[in-house]
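Some notes on the structure that comes next.
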Amino acid sequence: MKRHVQVLLLVLTGLGLLHTALFSDLCLRYVKEGLRPVLIASGVLLLLLGLAGAALDHMDPEGDDQGRNHDHDHDHAHDHDHDHDHAHDHDHDHAHDQDRHEDDHGHDHSTAPRIAWLLFLPALSLLFYAPPALGAYTASHANNKAVKQEQRFDPLPATTPLPLTLTDFTARVQQDREQAIRGRSISMTGFVTPAGPDGGWYLTRIIFTCCAADSQSVKVRMYGTPAPPANTWLAVTGNWHPRGTLGTKSATAALDIHRTERISPPVNAFTDDLPLTPS
């Protein structure tokens with residue numbers, strides 16, 4: 053890989069990062085919102101390094117060639133003196149020098165290995181085809197998010213339906229001894245994850261701790277309607293599905309659905325936020 057190609061790779065990678073983090077919200081498919089400034093700074097730095105390299109190459113386009121020619125001339129003079137002092141080894145040295153000369157011209161060790169060309173793939177993908185966001189397939193194979201133990205629960209508002217996150221709903225179902233959600237109409241939002249061959253499904257959220265690599269999912273089983281297509285974002289309304297003892301670990305985080313409405317995916321989809329306004 054020649055130097056001008058390395059400069060191009062720096063520029064493309066910098067532009068790709070800026071495209072995903074500064075000029076669009078694509079970065080939120082892969083990292084938390086708080087890491088956006090780091091990606092922007094990295095993109096600016098790579099772009100500046102690439103432009104600086106291009107400027108230096110423009111100012112001294114033949115510097116590397118002159119340096120290589122100087123080294124070649126020096127080696128040639130040295131070999132000539134050596135042959136003059138040791139004439140009886142002339143044939144052997146000539147063959148050795150010829151092999152070395154061919155090796156030097158056939159393999160430029162000052163450049164990056166050919167495998168470095170593969171670095172263009174992620175750089176170009178950021179610009180032209182960003183990898184898709186995590187969805188139902190990941191949620192069905194990933195670890196479920198552990199719901200932390202709550203010492204106490206705040207009183208619930210009198211709003212009907214009551215908006216809850218999937219995490220809060222699960223915690224209330226399995227830990228709230230006051231059973232405050234009993235008989236309450238609950239609203240939640242998330243995307244559809246098929247539950248298996250029985251046709252059931254989960255309302256799901258994938259949550260990033262830092263980035264996609266450490267994602268976890270929280271799922272609530274849905275009852276009362278056939279499974280919509282996987283990855284469909286829905287606003288659902290219903291009541292707790294009575295299975296197990298409410299307020300204990302035996303209770304199932306599940307909902308009997310009264311109404312569903314398709315919604316657009318949120319911009320920052322990898323958090324467990326309160327329900328979105330249907331649109």
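Mind the numbering: the sequence shown is residues 53 to 331 in our numbering, read in order. Backbone N, C-alpha and C define an ideal beta-carbon position, used for all residues, glycine too.
Run of the alpha helix (DSSP H) containing residue i, from where it starts to where it stops
i: Ile238; result: Segment Ile238 to Pro246 is the beta strand (DSSP E) holding Ile238; no alpha helix (DSSP H) there.
i: Gly95; result: Arg88 to Met111
i: Leu176; result: Phe172 to Phe180
Where the beta strand (DSSP E) through residue i begins and ends
i: Gly299; result: Neither: Gly299 is in no beta strand (DSSP E) and is coded neither H nor E.
i: Ala306; result: Ala306 to Arg314
i: Ala194; result: Note, Ala194: premise wrong, no beta strand (DSSP E); not H, not E.
i: Gly290; result: Trp285 to Trp292
Whole-angstrom C-beta distance between residue j and residue i, which should lie under 8 Å
i: Gly68; j: Leu178; result: 3 Å
i: Lys84; j: Phe260; result: 5 Å
i: Ser192; j: Pro327; result: So it is not a contact: roughly 23 Å between Cβ atoms.
i: Gly251; j: Pro278; result: 6 Å
i: Leu307; j: Val272; result: 6 Å
i: Leu64; j: Leu173; result: With a Cβ gap of about 11 Å, Leu64 and Leu173 do not count as contacting.
i: Val288; j: Leu255; result: 6 Å
i: Thr51; j: Asp324; result: Since the first and last residues shown for the chain are 53 and 331, residue 51 lies out of range.
i: Arg81; j: Ala185; result: 4 Å
i: Gly296; j: His310; result: 21 Å between Cβ atoms; not a contact.
i: Val319; j: Asp109; result: Not really, about 40 Å apart at Cβ, beyond 8 Å.
i: Ile92; j: Leu62; result: No, Ile92 and Leu62 are not in contact; Cβ-Cβ is about 16 Å, not under 8 Å.
i: Gly66; j: Leu99; result: 3 Å
i: Ser267; j: Ala194; result: 6 Å
i: Ala305; j: Phe221; result: 6 Å
Where residue i falls: helix, strand or coil (DSSP)
i: Pro207; result: coil
i: Leu216; result: coil
i: His56; result: helix
i: Thr277; result: coil
i: Thr261; result: coil
i: Val63; result: helix
i: Gln226; result: helix
i: Tyr82; result: coil
i: Thr323; result: coil
i: Leu69; result: helix
i: Leu255; result: strand
Minimum Cβ-Cβ distance from residue i to chain D less than 8 Å
i: Leu74; result: The structure shown contains no chain D; it holds only a single protein chain.
Is there contact here, the stretch 98 to 107 with the stretch 54 to 66, by at least three beta-carbon pairs under 8 Å? Using a C-beta cut-off of 8 Å, the stretch 98 to 107 makes contact with the stretch 54 to 66, since at least three inter-stretch Cβ pairs fall below that distance.
Would you check if the stretch 204 to 221 and the stretch 87 to 104 touch, i.e. whether three or more CB-CB distances between them fall below 8 Å? The answer is no - the stretch 204 to 221 does not touch the stretch 87 to 104, with fewer than three Cβ pairs under 8 Å.
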